[in-house]
Amino acid sequence: MEFKDRLKAIRKEKGMTQKVVYLLLNISANGYASWEQGRTEPDIKMIKKLCKIYEVSSDYLLGISDEKNQK
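Going by our numbering, the sequence shown opens with residue 2, and the numbers climb by one from there.
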């Protein structure tokens, strides 16, 4: 699963809209949408924030692991 697909799947699993997430991240709607569409990817700082918002590990978010929370 590609990053963009995992990002969208986690957001939907958490019952969140794109608007909620981009407001929490303090970025533009287009900025977040471009991540889910695979046009761009977030930097490390934003990946850390996404992990906190979605309560998943960076390995899971990036597709390195299938375990949501690494020990």
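For each residue, glycine too, the CB sits at the ideal point set by N, CA and C.
Residue i vs residue j beta-carbon contact at 7 angstroms
i	j	result
residue 37	residue 15	no
residue 39	residue 5	yes
residue 64	residue 7	yes
Host alpha helix (DSSP H) of residue i (start-end)
i	result
residue 19	19-26
residue 51	45-55
residue 66	Careful: residue 66 lies outside any alpha helix (DSSP H) and carries neither H nor E.
residue 12	4-14
Best match in the options for proximity to residue i [C-alpha to C-alpha]
i	options	result
residue 55	32, 69, 46	69
residue 48	26, 67, 19, 3	26
residue 50	66, 67, 28, 34	28
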